[in-house]
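*Asks:*
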């Protein structure tokens, strides 16, 4: 197995630390393997658990560019891979009309790299250095696109009929994320390493808050982490993401709240819960959630 | 062992696992994560995996079984490490966040494989199986399983429709308008104009048999159609046994506007006649009529001529029959009489067939 990059576990760990991304050994191992075996890494998990962030962190670790492809319904090759710059080609033909060029020459001109609009996938493949390719929310793309992705992911080359096959100059590090809006095909899963990224536990969430909102005092930090942990166990339409929890922590800091009580929570809960229904559901449970949070804290 | 537990693992994945082992070494928890990353492709299989892992690499340092041993020299060291770590593991269950989340709070069950294993795996391969059980042989359990499946199929169906619509919006190249525009840029067609296809989404009228024998099929049909309603100008749904009753969907529940007599005997003839009389105005050139029923008419007059009249009024008539083709026209089934007046007829006796039929009919239009 050729290793273009000298990857060590320490490199991954150091990179995560530098990027201030706190996580579990499991995630670390998966990232390390993805880099070492040079296979795409498929990350699944609830929204807001930090899947996309991993792509960014990886780019930071490797000190390289992040190429991001956001998937959506109806995304097709023209938008993901390449497209001919039709307008520019026409202009060229117009310009060439004055000079007496043969058609074969003209056509050679207009089907050259200069007239190709690079989309993220092609860009990642032809980049002069190893890049991180983040294919975000693959589950939102259509199945046809997934099938097409297989080709790119297994061979890392693209064939453009007019130009021939373009092989990857450097194998990009590929990270795919999915929210499981639909089941991905087995063929795609087979080609990827897999990581399920869930919300962090109370401990790690506390550390994350400490890292990102250092002004918040320790007791409150713990309360927040435990409260949110309990909140996520409720059957909500949208569970609070880590980013929202951080927002909440900042808000508590700004409002100078020293301790979580029913009033404080009620005032600020709309920072973590974004559905009327969820708010109502959680409203009745604030007391018991706070109680359990406090009990475990002592 | 994992394959026994119902996971499908390819040879390529096994090779990945081997290189992973070579890379991460044999420290127990790291090894677990490494193997998980390469072999486990669905978090739902986590329990099966953990169980198999614990069986293959028991905490007692005697490692047996699994052929691929990374480097024999590492072995002694690994044992040493393993031994020193053992008490730790035994005393405190690792504070690692269990990735199961809400769905399976019992994740740290010491003997998970027997009970949980079975439960976890069920949705996985059963979703495939359930797709092919004929509606009439479904147990209540199957129907429950299918509900989730149908929801995901409905998502796919919706995606499919939206793609169709997009493509439609940008129809064929309109040469006349392209040239007209190009005059502005000195005869160079910088912008291509496209012909608009048939404006507006079609209307859909669905007639669903709710008699005992096919009610399940109707239910799934409606759940499939419901999320895709934005792609139609309007959807009118009618349930019938011997009378068409309009139904609507409110908060995921079916609400009939009128009394639906579930114990009546199916009478397609009467349904067609009264539908024609009461709702003729719904049938326009832009309407697609979708009928789901077994065409078992209890020997009453089929009144296929009405269906013929309907067909002449509308754009398309498609009939989905929840019975397998072999049983059509046997006994009191009068499928042939109706078939003549339909643009398309499909057998839709399983969820998969239903989905495919729906997809082909509605997207071709």
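Protein chains in written order, with this note's numbering: chain U, 1 to 298; chain E, 299 to 663. Glycine included, every Cβ here is placed at the ideal spot set by N, Cα and C.
1) Here's the rule: buried if 16 or more other CB atoms are within 10 angstroms of the residue's CB, otherwise exposed. What is residue 255/U?
2) For the stretch 182-202 of chain U against the stretch 224-232 of chain U, are there 3 or more C-beta pairs whose distance is under 8 angstroms?
3) Please list the partners that residue 453/E has in chain U, where partner means a Cβ-to-Cβ separation under 7 angstroms.
4) Could you say which of 588/E, 603/E, 518/E and 586/E lies nearest to residue 568/E if we only look at CA atoms?
5) Closest by CA to residue 447/E, which one among 504/E, 519/E and 576/E?
6) In this structure, does DSSP put residue 281/U in helix, strand or coil?
7) Rounded to whole angstroms, what's the CA-CA distance from residue 331/E to residue 222/U? Just pull it up for me.
8) Take residue 513/E as the anchor and find which of 638/E, 347/E and 539/E has the nearest alpha-carbon.
9) Could you work out which residues of chain U lie near residue 310/E, taking near to mean beta carbons separated by less than 9 angstroms?
10) Measure the alpha-carbon distance for residue 353/E versus residue 26/U and round it to whole angstroms.
11) What do you reckon, are the CB atoms on residue 30/U and residue 193/U nearer than 8 angstroms?
12) Excluding five sequence neighbours on each side, which residues of the same chain lie with their C-beta closer than 8 angstroms to the C-beta of residue 275/U?
13) Please list, in chain order, all residues of the same chain as residue 4/U whose beta carbon is under 6 angstroms from its beta carbon, the five residues on each side excluded.
14) Using alpha carbons as the reference points, say which of 282/U, 240/U, 253/U and 166/U lies closest to residue 127/U.
15) Please name the residues in the stretch 319-344 of chain E whose beta-carbon is closer than 7 angstroms to at least one beta-carbon of chain U, in chain order.
16) Name the one or two DSSP bridge partners that residue 542/E has.
17) With H, G and I counted as helix, E and B as strand and the rest as coil, what does DSSP make of residue 614/E?
18) In the structure shown, what three-state DSSP assignment does residue 594/E receive?
19) So residue 36/U contacts chain E; which residues on that side make the cut at Cβ distance below 9 angstroms?
20) Do the stretch 285-293 of chain U and the stretch 310-323 of chain E touch if we need at least three Cβ pairs shorter than 8 angstroms?
21) In this structure, how does DSSP classify residue 631/E when only helix, strand and coil are distinguished?
22) What whole-angstrom Cβ distance do residue 260/U and residue 227/U have, given they're in contact under 8 angstroms?
23) Please decide whether residue 460/E counts as near chain U, where near means a Cβ-Cβ distance under 8 angstroms.
24) For the alpha helix (DSSP H) containing residue 14/U, name the first residue and the last one.
25) Is it buried or exposed for residue 164/U, if we count other Cβ within 10 angstroms and need 16 for buried?
26) Take residue 542/E and list the residues in its own chain whose beta-carbon comes closer than 8 angstroms to its own, dropping the five residues that flank it on each side.
27) Assuming residue 23/U and residue 136/U make a contact with CB atoms under 8 angstroms, what is their CB distance in whole Å?
28) Check residue 551/E in the structure and name its three-state DSSP category.
29) Any C-beta of chain E sitting closer than 8 angstroms to the C-beta of residue 26/U?
30) With a threshold of 6 angstroms on Cβ separation, who are the neighbours of residue 632/E within its own chain once the five nearest residues in sequence on each side are excluded?
31) At a Cβ threshold of 8 angstroms, is residue 562/E touching chain U?
32) What residues from chain U crowd round residue 314/E, counting only those whose CB sits closer than 8 angstroms?
33) Against chain U, with Cβ distances strictly below 8 angstroms, would residue 648/E count as a contact?
34) Taking Cβ positions only, does residue 521/E come closer than 8 angstroms to chain U?
35) Should residue 37/U go down as buried or exposed, given a rule of 16 or more other Cβ atoms within 10 Å for buried?
36) How would you call residue 103/U, buried or exposed, if buried means at least 16 neighbouring beta carbons within 10 angstroms?
*Replies:* So, from the listed chains and residues:
1) exposed
2) Touching, yes, given that three or more Cβ pairs across the two stretches are closer than 8 angstroms.
3) 181 and 182
4) 603/E
5) 519/E
6) helix
7) The straight-line gap from Cα to Cα measures roughly 28 angstroms.
8) 539/E
9) 190 and 191
10) Between residue 353/E and residue 26/U, the C-alpha separation is close to 20 angstroms.
11) yes
12) 236, 237 and 238
13) In this prediction, residue 4/U has a pLDDT of 48, which is less than 50 and means its spatial position is unreliable; what the coordinates show is noted afterwards. If we look at residue 4/U and ignore the five residues flanking it on each side, it has no Cβ neighbours.
14) Nearest C-alpha to residue 127/U: 166/U.
15) If you check each beta-carbon in the stretch 319-344 of chain E against every beta-carbon of chain U, the ones closer than 7 angstroms belong to 321, 322, 327, 328, 331, 332, 335, 336, 338, 339 and 341.
16) According to DSSP, residue pairing for residue 542/E in a beta bridge involves 538/E.
17) strand
18) Strand.
19) Against chain E, a Cβ distance below 9 angstroms from residue 36/U picks out 317, 318, 321 and 322.
20) no
21) strand
22) The C-beta distance from residue 260/U to residue 227/U rounds to 6 angstroms, short enough to fall under 8 angstroms.
23) yes
24) 9-18
25) exposed
26) 505, 536, 569, 572, 573, 576 and 577
27) So it is not a contact: roughly 19 angstroms between Cβ atoms.
28) Residue 551/E falls in the strand class under three-state DSSP.
29) yes
30) 593, 595 and 600
31) no
32) 37, 39 and 193
33) no
34) no
35) buried
36) exposed
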